[in-house]
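Below is one structure; the comments refer to it alone.
Numbering (full-length UniProt numbering), first residue to last: 1 to 64.
Structure representation (structure tokens):
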């Protein structure tokens with residue numbers, strides 16, 4: 001997903017438009033709520049990039 005996201009962001013897309021389709025990715029897995037919350041609160045901010053997604057992934061990984 002990273003190459004796709006980076007390409008779309010370089011073409012002017014907003015991270016929130018991409019990540020909203022990924023919110024249910026970890027449904028039923030510990031850390032899923034934190035994943036959704038972090039993306040919902042941060043993906044729409046100006047300048048949001050792949051680092052936001054990486055930080056959200058850490059929230060899920062920390063719960064495992």
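We treat Cβ as the ideally placed atom computed from N, Cα and C, and that holds for glycine.
query: With distances taken between CB atoms, is the gap from residue 31 to residue 60 smaller than 7 Å?; result: yes
query: Should residue 13 go down as buried or exposed, given a rule of 16 or more other Cβ atoms within 10 Å for buried?; result: exposed
query: Of the choices 7, 21, 16, 33, whose alpha-carbon is the least far from that of residue 58?; result: 33
query: Please state if the CB of residue 16 and the CB of residue 43 are separated by a distance shorter than 7 Å.; result: yes
query: For residue 18, which residues of its own chain have a beta-carbon under 7 Å away from its beta-carbon, when the five flanking residues on both sides are left out?; result: 5, 8
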